[in-house]
Amino acid sequence: MPIKENLEFRISEDFETVEAGLDEAGRGCFLGPVVAACVIWPLDDTFCVLDDPLAGMIDDSKKISKKRLPEVAEFIKENALAYGIGIVSESRIDEVNIRNAAMEAMHQALAKAEEKLNFSPDLLLVDGNYFKKYVSPLTGEEIEYCTYVSGDSRIFSIACASILAKCARDQYIHKLVADNPELLDYGIDTNVGYGTLKHREAIIEKGPTKFHRQSFNLTGNDAL
């Protein structure tokens with residue numbers, strides 16, 4: 001099964017430019033960290049792994065079932081040239097705001113992928129419409145980037161990053177709930193921090209926990 005028709009494997013016309021896809025998960029959550037991932041694939045799409053049925057499942061993470069998501073994430077980790085995960089806590093989000101925290105998470109993820117490769121990608125493909133310039137710790141030089149609205153449903157490497165970011169964040173939240181069962185009252189085991197009705201009602205009734213993003217208007221318009 002080839003990759004989905006809606007996804008471009010590469011943006012560059014040549015097969016010399018090393019591209020890295022970047023995306024984040026949890027930006028709009030009321031609770032917990034924002035998590036980002038960076039995924040770098042080999043320079044061409046001729047290697048046989050893309051014929052694997054799991055490669056054909058790769059898409060925007062929101063379009064993949066919760067049951068299959070971990071399996072697809074493992075496929076990406078095993079077959080990508082390199083990947084990295086960045087996590088920025090709720091306290092840091094409160095300190096620098098969510099947009100800057102998401103950028104920090106992306107920079108962390110990229111630095112980890114670079115460390116595994118021991119060289120820098122040539123081009124960053126970023127989901128969204130904003131990115132803060134990144135200077136490689138390996139070269140001391142800024143890496144060129146392009147942003148793509150709905151990039152996770154347009155570009156293969158960004159879709160892969162969206163999957164790794166969501167899977168990593170879900171795993172983080174599930175462990176958080178296991179260690180802090182009081183979060184069950186907020187429905188965090190199922191909403192993973194997003195503002196569902198049960199979550200919003202619990203915030204109003206019980207107040208926010210130490211894991212909530214205190215800078216968000218959780219008891220005002222954000223909660224109702």
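Each residue of the sequence shown is one higher than the last, beginning at 1 in UniProt numbering. All C-beta atoms, glycine included, are put in the ideal place defined by N, C-alpha and C. Values in this document were obtained by computation on a predicted structure and should not be read as measured data.
> Among the residues of its own chain, which have a CB less than 7 Å from the CB of serine 89, if the five just before and after it don't count?
Replying inline: Pro33
> Opposite glutamate 115 in the DSSP bridges: which residues?
Replying inline: Paired residue(s): none; glutamate 115 is not in a bridge.
>> Quick check on this structure: which residue in Pro208, Lys132, Thr209, Pro121 has the alpha carbon closest to the alpha carbon of proline 42?
In response: Pro121
> DSSP puts threonine 147 in a beta bridge; with which residues?
Replying inline: Val126
>> To the nearest angstrom, how far is the alpha carbon of proline 137 from that of phenylalanine 211?
In response: 31 Å
> What does leucine 31 pair with, by DSSP beta-bridge criteria?
Replying inline: His212
> Secondary structure at alanine 80, three-state DSSP: helix, strand or coil?
Replying inline: coil
>> If the criterion is Cβ atoms closer than 7 Å, does the pair alanine 109 and glycine 86 meet it?
In response: yes
>> If contacts are defined as beta-carbon pairs under 8 Å, then lysine 4 and glycine 84 qualify, I think. What distance do you get, rounded to the angstrom?
In response: Contact doesn't hold; Cβ gap of about 24 Å is too wide.
> According to DSSP, what are the bridge partners of leucine 22?
Replying inline: Cys38, Val126
> Buried or exposed: where does glutamate 104 fall if 16 or more other Cβ atoms within 10 Å of its Cβ makes it buried?
Replying inline: buried
>> Count Cβ pairs between the segment 175-184 and the segment 143-157 that sit closer than 8 Å; are there 3 or more?
In response: no
> Should the segment 69-80 be regarded as contacting the segment 160-167, the criterion being three or more beta carbon pairs within less than 8 Å?
Replying inline: yes
> Helix or strand or just coil, what does DSSP make of glutamate 104?
Replying inline: helix
> Roughly how far, in whole angstroms, is the beta-carbon of cysteine 50 from the beta-carbon of serine 61, given that I think they are within contact range, below 8 Å?
Replying inline: Inspection of the sequence shows that residue 50 is occupied by leucine rather than by cysteine. Incorrect: roughly 19 Å between the Cβ atoms, too far for contact.
> What residue range is occupied by the uninterrupted alpha helix (DSSP H) comprising lysine 166?
Replying inline: 156-179
> Would tyrosine 134 pass as a contact of isoleucine 143 if the rule is Cβ separation under 7 Å?
Replying inline: yes
>> Along the chain, where does the alpha helix (DSSP H) containing serine 91 start, and where does it finish?
In response: 90-96
> How should aspartate 14 be labelled, buried or exposed, when 16 other C-beta atoms within 10 angstroms of its C-beta is the threshold for buried?
Replying inline: exposed
> How long is the line joining the alpha carbons of glutamate 71 and leucine 54, rounded to whole angstroms?
Replying inline: 8 Å
> Using the C-alpha atoms, what's the distance from valine 35 back to leucine 115?
Replying inline: Reading the sequence as shown, one finds glutamate at residue 115 and not leucine. Going from the Cα of glutamate 115 to the Cα of valine 35 covers about 18 Å.
> For phenylalanine 119, is the classification buried or exposed, using 16 other Cβ atoms within 10 angstroms of its Cβ as the cut-off for buried?
Replying inline: exposed
> Do arginine 213 and isoleucine 93 come within 7 Å of each other at the CB atom, strictly closer than that value?
Replying inline: yes
> Terminal residues of the continuous alpha helix (DSSP H) containing residue 263?
Replying inline: Nothing about residue 263 can be read from this structure; the chain reaches only from 1 to 224.
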